[in-house]
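> Protein sequences appear in the order of chains A and B.
Position 70 of the first sequence, counting from 1, maps to 70 under the UniProt record's numbering, and the rest follow consecutively.
Position 314 of the second sequence, counting from 1, maps to 314 under the UniProt record's numbering, and the rest follow consecutively.
There are 2 protein chains.
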Amino acid sequence: MPQRLDARDPSFPHAFARLLAAKREVSEDVDQAVRAIIDEVVARGDEALIDYTNRFDNLALTAGTLRIGDDEIDAAEGECSPDELAALTLAKARIETYHRAQRPEDHMTTDALGVTLGWRWTAIESVGLYVPGGRASYPSSVLMNAVPAKVAGVPRIAMVVPTPRGETNPLVLAAARLAGVDEIFRIGGAQAIAALAFGTSSVQPVAKIVGPGNAYVAAAKRRVFGQVGIDMIAGPSEVLILADRHANPDWIAADLLAQAEHDPVAQAILVTDDAALADAVEAAVQRQLQTLPKAEIAGASWRDYGAIILVETLDAAIPLVDRLAPEHLEIETANADELCAKVRNAGAIFLGSHTPEAIGDYVGGPNHVLPTARSARFSSGLGVLDFMKRTSILKCDADSLRALGPAAIALGRSEGLEGHARSVAIRLNM
Amino acid sequence: MPQRLDARDPSFPHAFARLLAAKREVSEDVDQAVRAIIDEVVARGDEALIDYTNRFDNLALTAGTLRIGDDEIDAAEGECSPDELAALTLAKARIETYHRAQRPEDHMTTDALGVTLGWRWTAIESVGLYVPGGRASYPSSVLMNAVPAKVAGVPRIAMVVPTPRGETNPLVLAAARLAGVDEIFRIGGAQAIAALAFGTSSVQPVAKIVGPGNAYVAAAKRRVFGQVGIDMIAGPSEVLILADRHANPDWIAADLLAQAEHDPVAQAILVTDDAALADAVEAAVQRQLQTLPKAEIAGASWRDYGAIILVETLDAAIPLVDRLAPEHLEIETANADELCAKVRNAGAIFLGSHTPEAIGDYVGGPNHVLPTARSARFSSGLGVLDFMKRTSILKCDADSLRALGPAAIALGRSEGLEGHARSVAIRLNM
Numbered sequence: 001m002p003q004r005l006d007a008r009d010p011s012f013p014h015a016f017a018r019l020l021a022a023k024r025e026v027s028e029d030v031d032q033a034v035r036a037i038i039d040e041v042v043a044r045g046d047e048a049l050i051d052y053t054n055r056f057d058n059l060a061l062t063a064g065t066l067r068i069g070d071d072e073i074d075a076a077e078g079e080c081s082p083d084e085l086a087a088l089t090l091a092k093a094r095i096e097t098y099h100r101a102q103r104p105e106d107h108m109t110t111d112a113l114g115v116t117l118g119w120r121w122t123a124i125e126s127v128g129l130y131v132p133g134g135r136a137s138y139p140s141s142v143l144m145n146a147v148p149a150k151v152a153g154v155p156r157i158a159m160v161v162p163t164p165r166g167e168t169n170p171l172v173l174a175a176a177r178l179a180g181v182d183e184i185f186r187i188g189g190a191q192a193i194a195a196l197a198f199g200t201s202s203v204q205p206v207a208k209i210v211g212p213g214n215a216y217v218a219a220a221k222r223r224v225f226g227q228v229g230i231d232m233i234a235g236p237s238e239v240l241i242l243a244d245r246h247a248n249p250d251w252i253a254a255d256l257l258a259q260a261e262h263d264p265v266a267q268a269i270l271v272t273d274d275a276a277l278a279d280a281v282e283a284a285v286q287r288q289l290q291t292l293p294k295a296e297i298a299g300a301s302w303r304d305y306g307a308i309i310l311v312e313t314l315d316a317a318i319p320l321v322d323r324l325a326p327e328h329l330e331i332e333t334a335n336a337d338e339l340c341a342k343v344r345n346a347g348a349i350f351l352g353s354h355t356p357e358a359i360g361d362y363v364g365g366p367n368h369v370l371p372t373a374r375s376a377r378f379s380s381g382l383g384v385l386d387f388m389k390r391t392s393i394l395k396c397d398a399d400s401l402r403a404l405g406p407a408a409i410a411l412g413r414s415e416g417l418e419g420h421a422r423s424v425a426i427r428l429n430m
Numbered sequence: 001m002p003q004r005l006d007a008r009d010p011s012f013p014h015a016f017a018r019l020l021a022a023k024r025e026v027s028e029d030v031d032q033a034v035r036a037i038i039d040e041v042v043a044r045g046d047e048a049l050i051d052y053t054n055r056f057d058n059l060a061l062t063a064g065t066l067r068i069g070d071d072e073i074d075a076a077e078g079e080c081s082p083d084e085l086a087a088l089t090l091a092k093a094r095i096e097t098y099h100r101a102q103r104p105e106d107h108m109t110t111d112a113l114g115v116t117l118g119w120r121w122t123a124i125e126s127v128g129l130y131v132p133g134g135r136a137s138y139p140s141s142v143l144m145n146a147v148p149a150k151v152a153g154v155p156r157i158a159m160v161v162p163t164p165r166g167e168t169n170p171l172v173l174a175a176a177r178l179a180g181v182d183e184i185f186r187i188g189g190a191q192a193i194a195a196l197a198f199g200t201s202s203v204q205p206v207a208k209i210v211g212p213g214n215a216y217v218a219a220a221k222r223r224v225f226g227q228v229g230i231d232m233i234a235g236p237s238e239v240l241i242l243a244d245r246h247a248n249p250d251w252i253a254a255d256l257l258a259q260a261e262h263d264p265v266a267q268a269i270l271v272t273d274d275a276a277l278a279d280a281v282e283a284a285v286q287r288q289l290q291t292l293p294k295a296e297i298a299g300a301s302w303r304d305y306g307a308i309i310l311v312e313t314l315d316a317a318i319p320l321v322d323r324l325a326p327e328h329l330e331i332e333t334a335n336a337d338e339l340c341a342k343v344r345n346a347g348a349i350f351l352g353s354h355t356p357e358a359i360g361d362y363v364g365g366p367n368h369v370l371p372t373a374r375s376a377r378f379s380s381g382l383g384v385l386d387f388m389k390r391t392s393i394l395k396c397d398a399d400s401l402r403a404l405g406p407a408a409i410a411l412g413r414s415e416g417l418e419g420h421a422r423s424v425a426i427r428l429n430m
């Protein structure tokens, strides 16, 4: 049974604070191992990649077979069903359209003093995309990471994906081609992150690495940060569903379980002002669990981290939502738009009863790489801006320097930076 | 003498690679100390803050005096000269105007299928601003960090600044008030970062912490990341000046020294196609060093990390600029605009001979918090977007769910996520 909280209960503030503070992640201490792997790749390049792939993925490679060839991708596409390829194509088109609208504009202006100033956005020159192997190898994640990079104008996208015992996921390769990935290497783990960050004979280094991975991959990304950019380190997934008496309990239950089936430490929370709905949802979850293939995972998540929170009014739920700052927020109430406008902290919002979160995972258009673990308080989902950077531009002429110079000189001297002051003064013969 | 590189030299690629790889930062291992300080603040709150401030800043505080009062800020303003206050006011106005243009737009649209989708930007609910004490306590940095937060609409900005032996920097307090900082606490170091991240009786926690600091502050920021957001960890400052025979060697020398005076590990590089200019600049640097108050620091930086690179043509300099990805790039050439358009990687660009970088440090308008250590390859200077986050919004109706649903079901099943597929199918009676 998931925990039940009642906002009218005197112990609620304490119980809610405990829910907020609950750690769902055990951080494995793999940092020493990861450091050694990175050092080896820096020192021995391709040879180290080949050794580690042999050891960890049971796969014998040569420098010539590190990269996956076009013929293999052709063959992989051939293995996908037409339905799957059509779904992937629809998803790609919708993700692309959504993200195109995110392309930022440059800005240049000349002000009254004659100072020309503004900024320019440029694409990051090269991006590495990590794709996990095995179970968590999701073609949808390939699209969600690669399409925004492509829309940003990144000239080179290199993907790495481990292929244990040589097994590839055909739909992952098809998604990579569809998204415009330029190079694919059959390597994974910390060694793949090291290759992307520092380069080897076969793998040219990139400027930024994105994509999810296991504890080794996360630790390697943290370690190479600075040498290259990285995206956020994603934690276990979560959903918060805000629903009223108009909601269909079977649908709500299905959405909670869709989240819970990801991971035993995923979190699904229902917040409602209707005790009858809460009971009905709880019963529906138990019923639907009977036939769910991933019942064991989903059941554990629901039991250990699930929660049902009763509130007096839906408005009273908003501060709770903001404090939880959920990765995914479904609002299935009569006044969904109105409540939506009041929320500050959420990674993505799904409005109304016909928008199950799974639509957003695949074909809605918005990105499914979203801030977890309450980080929606201060960060955003993946987007085009993550693959671009802004350069500010400033240009004075003699007159505008004369107008601004004295203030710069005054502040430079206030800060004890006489050299700063002089670099201005020398141009003004001061 | 700084090192001289000549791009026509056969050994140049090797020498340039060495320049790129040079580490200018020694990372102090303060992580264990920082961890202990954070744990103490979490456990003992205000009491721990008071103890550490006593020990590290030689200052006896009580819970009642942790915060700097309005009367003290009034008094501080009274200590500033009218010139300084006027310069600060001009700087604030220009920074505000520049950053206002960065406010992002929300985007909502309904597509041909009837799906309503887009995103919404919201300000981060509370931000903490770290301001170093002593020498590096810069009023300009207060403006550069607080003004964009204010422009973003952050409802609460809390500042921390150590005041060793009770000494405050009046202009820092004046800048804080001018920028709209809501609360100022006289605490610093890892203990101040811990207070902002976790809260104490006197310091309400914030959602994101920005601002520069020493090794303890940087380590504390890294450690609390996740609990709160943080900005980039700034490294030593650097400038690259691209100049041709039209440039004034005395002005170039002054700009190189303005950078070098920051820190013995700051870096100032001149790239030119004119050997005579290179010689003249080198001589001018030596001359100007004679009278520079911070000659010792600037001289050490120029000797140990300075460089002059001769190139055959200015165009040939562009790939070198992109690889160095300088924090500050001055282009003082006849065709400055043209060269500017070709650069991909730079934090900020200063165009023409009347735009010394120091103008950008204070009163230009663009932000002076910029990516260092080659991170301009993948990141941007501080801006309004750093104080906001984007929430994606998606809304299907029954018809659009019917149109998109089958593709989502197909992809969910391909990924082995039957629960995802069912959350869609249940709504379509499939």
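Glycine included, every Cβ here is placed at the ideal spot set by N, Cα and C.
Taking 6 Å as the limit between beta carbons, can you name the residues of its chain near leucine 117 of chain A, skipping five residues before and five after?
Taking the first residue of the first sequence as position 1, residue 117 of chain A is located at position 117. Leu394, listed in sequence order.
> Run down chain B in chain order and give the residues with a C-beta less than 8 Å from the C-beta of leucine 394 of chain A.
For the purposes of this step, residue 394 of chain A is taken as residue 394 along the first sequence, with counting starting at 1. Ala348, Ile349, Phe350, Leu351, Thr355, Ile359, Gly360, Gly364, Gly365 and Pro366, listed in chain order.
> For threonine 122 of chain B, which residues in chain A fall below 7 Å Cβ to Cβ?
Reading the second sequence from its first residue, position 122 is the one you call residue 122 of chain B. Chain A residues near threonine 122 of chain B: Arg344.
> Looking at the structure shown, is alanine 266 of chain B part of a helix, part of a strand, or coil, going by DSSP?
Counting from one through the second sequence, the residue named residue 266 of chain B turns up at place 266. If DSSP states are grouped into helix, strand and coil, alanine 266 of chain B belongs with coil.
> Kindly indicate if chain A contains any beta-carbon less than 9 Å away from that of phenylalanine 16 of chain B.
Looking up residue 16 of chain B in the second sequence gives position 16. No, phenylalanine 16 of chain B lies away from the interface with chain A (no Cβ there is under 9 Å from its Cβ).
> For the beta strand (DSSP E) containing threonine 309 of chain B, name the first residue and the last one.
One-based indexing of the second sequence puts residue 309 of chain B at position 309. The amino acid occupying residue 309 of chain B in the given sequence is isoleucine; threonine does not appear at that position. Its beta strand (DSSP E) spans residues 307-310.
> Drop a sphere of 10 angstroms on the beta-carbon of aspartate 39 of chain B, count the other beta-carbons inside from all chains shown, and report buried for 16 or more, exposed for fewer.
If you number the second sequence from 1, residue 39 of chain B lands on position 39. Classification of aspartate 39 of chain B: exposed, given that the 10 Å Cβ count is below 16.
> Cα separation between glutamate 330 of chain A and alanine 195 of chain B?
Counting from one through the first sequence, the residue named residue 330 of chain A turns up at place 330. Counting from one through the second sequence, the residue named residue 195 of chain B turns up at place 195. So the two alpha carbons sit approximately 33 Å from each other.
> Looking at the secondary structure, which residues open and close the alpha helix (DSSP H) in which phenylalanine 185 of chain B lies?
Here residue 185 of chain B corresponds to residue number 185 of the second sequence, with the count starting at 1. Run containing phenylalanine 185 of chain B: none in the alpha helix (DSSP H); it sits in the beta strand (DSSP E), 183-185.
> Less than 9 Å separating the beta-carbons of valine 217 of chain B and alanine 192 of chain B?
Along the second sequence, one-based indexing puts residue 217 of chain B at 217. Along the second sequence, one-based indexing puts residue 192 of chain B at 192. Yes, the pair counts as a contact, with Cβ atoms nearer than the cut-off.
> Buried or exposed for proline 155 of chain A, going by 16 or more other Cβ atoms inside 10 Å?
As a first step, residue 155 of chain A is located in the first sequence; it is residue number 155 there, counting from the start. Flag for proline 155 of chain A reads exposed.
> How would you list, in chain order, the residues of chain B whose beta-carbon sits under 9 Å from the beta-carbon of histidine 99 of chain A?
Position 99 of the first sequence holds residue 99 of chain A. Going along chain B, no residue has its Cβ under 9 Å from histidine 99 of chain A, so there is no contact; the nearest lies around 10 Å.
> Interface residues of chain A around residue 450 of chain B at Cβ under 7 Å?
Nothing about residue 450 of chain B can be reported from this structure: the residues present for chain B run from 1 to 430 only.
> When the cut-off is 9 Å and only beta carbons count, does valine 228 of chain A lie next to chain B?
Position 228 of the first sequence, counting from 1, holds the residue named residue 228 of chain A. For valine 228 of chain A, the answer is yes, since a Cβ of chain B falls inside 9 Å of its Cβ.
> Using alpha carbons as the reference points, say which of B/Glu96, B/Ser202, B/Ala91 and B/Asp74 lies closest to arginine 44 of chain B.
Along the second sequence, read from residue 1 onward, the residue named residue 44 of chain B stands at position 44. Nearest C-alpha to arginine 44 of chain B: B/Ser202.
> Pull out every residue of the stretch 292-320 of chain A whose Cβ sits closer than 8 Å to any Cβ of chain B, in chain order.
Cβ contacts with chain B come from Leu292, Pro293, Lys294 and Ala298.
> Any beta carbon of chain B sitting closer than 9 Å to that of tyrosine 138 of chain A?
Here residue 138 of chain A refers to the residue found at position 138 of the first sequence. Yes - at least one Cβ of chain B is within 9 Å of the one on tyrosine 138 of chain A.
> Give the interface partners of valine 424 of chain B over in chain A, defined as CB-CB distance under 7 Å, in chain order.
By one-based count along the second sequence, residue 424 of chain B stands at place 424. By Cβ distance, chain A contributes Pro356, Ala358 and Ile359.
> Can you give me the C-alpha to C-alpha distance between asparagine 169 of chain A and glutamine 3 of chain B, rounded to a whole angstrom?
Counted from its first residue, the first sequence places residue 169 of chain A at position 169. Counted from its first residue, the second sequence places residue 3 of chain B at position 3. Taking the straight line joining both Cα atoms gives about 52 Å.
> Quick one: does serine 202 of chain B have its CB under 9 Å from some CB of chain A?
As a working note, residue 202 of chain B is residue 202 in the second sequence. Chain A contact via Cβ: absent.
> With distance defined between alpha-carbon atoms, name the residue in A/Gly364, A/Val384 and A/Asp399 nearest to threonine 89 of chain A.
The residue labelled residue 89 of chain A in the question sits at position 89 within the first sequence. Comparing Cα-Cα distances from threonine 89 of chain A to each of A/Gly364, A/Val384 and A/Asp399, the minimum goes to A/Gly364.
> For arginine 245 of chain B, does the three-state DSSP call read helix, strand or coil?
Taking the first residue of the second sequence as 1, we reach residue 245 of chain B at position 245. Coil, per DSSP.
> Could you list which residues in chain E have their beta carbon closer than 9 Å to that of alanine 60 of chain B, in chain order?
Checking the listed chains, one finds no chain E in this structure; the protein chains it contains are A and B.
> Mind checking the stretch 251-263 of chain A against chain B and listing, in chain order, the residues whose C-beta falls within less than 7 Å of any C-beta there?
Hits within the stretch, in order: Trp251, Ala254, Asp255, Leu257, Ala258 and Glu261.
> Is leucine 5 of chain A closer than 9 Å to alanine 15 of chain A when the C-beta atoms are compared?
Counting from one through the first sequence, the residue named residue 15 of chain A turns up at place 15. Counting from one through the first sequence, the residue named residue 5 of chain A turns up at place 5. Going by C-beta atoms, alanine 15 of chain A is nearer than 9 Å to leucine 5 of chain A.
> According to DSSP, simplified to helix, strand and coil, what is phenylalanine 350 of chain A?
Locating residue 350 of chain A in the first sequence gives position 350, counting from the first residue. Strand, per DSSP.
> Is glycine 347 of chain B closer than 9 Å to leucine 370 of chain B when the C-beta atoms are compared?
Position 370 of the second sequence holds residue 370 of chain B. Position 347 of the second sequence holds residue 347 of chain B. Closer than 9 Å, so yes.
> Under the assumption that glycine 188 of chain A contacts valine 160 of chain A (Cβ atoms under 8 Å), give the Cβ distance between them as a whole number of angstroms.
Position 188 of the first sequence, counted from the start, is the residue given in the question as residue 188 of chain A. Position 160 of the first sequence, counted from the start, is the residue given in the question as residue 160 of chain A. At roughly 6 Å, the Cβ-Cβ gap stays under 8 Å, so glycine 188 of chain A and valine 160 of chain A are in contact.
> Three-state secondary structure (DSSP) at alanine 158 of chain B?
Here residue 158 of chain B is taken as the residue at index 158 of the second sequence, counted from 1. Alanine 158 of chain B: strand per DSSP, three-state reduction.
> Please report the straight-line C-alpha distance between serine 137 of chain B and methionine 388 of chain A, rounded to a whole angstrom.
For the purposes of this step, residue 137 of chain B is taken as residue 137 along the second sequence, with counting starting at 1. For the purposes of this step, residue 388 of chain A is taken as residue 388 along the first sequence, with counting starting at 1. Approximately 32 Å, taken between the alpha carbons.
> Give me, in chain order, the residues of the same chain whose beta-carbon lies closer than 6 Å to that of proline 104 of chain A; leave out the 5 immediate sequence neighbours on both sides.
One-based indexing of the first sequence puts residue 104 of chain A at position 104. Hits under 6 Å: Trp121.
> Comparing the C-beta of valine 131 of chain B with each C-beta of chain A, is any distance below 9 Å?
As a working mapping, residue 131 of chain B is identified with position 131 in the second sequence. Cβ-Cβ to chain A under 9 Å: no for valine 131 of chain B.
> Three-state secondary structure (DSSP) at histidine 420 of chain A?
In the first sequence, residue 420 of chain A corresponds to position 420, counting from 1. Residue state, collapsed to three classes: helix.
> For the structure I just gave you, are there three or more beta carbon pairs, one from the stretch 394-410 of chain B and one from the stretch 122-131 of chain B, closer than 8 Å?
Taking 8 Å as the limit for Cβ pairs, the verdict is that the stretch 122-131 of chain B does not touch the stretch 394-410 of chain B.
> Specify, as a first and last residue, the run of the beta strand (DSSP E) that glutamine 224 of chain A falls within.
To locate residue 224 of chain A, count along the first sequence from 1; it is residue 224. The question names glutamine, yet the displayed sequence has valine at residue 224 of chain A. Taken as a continuous stretch (DSSP letters only), valine 224 of chain A belongs to no beta strand (DSSP E), being part of the alpha helix (DSSP H) at 215-224.
> Using a C-beta cutoff of 9 Å, does valine 115 of chain B count as contacting chain A?
Counted from its first residue, the second sequence places residue 115 of chain B at position 115. For valine 115 of chain B, the answer is yes, since a Cβ of chain A falls inside 9 Å of its Cβ.
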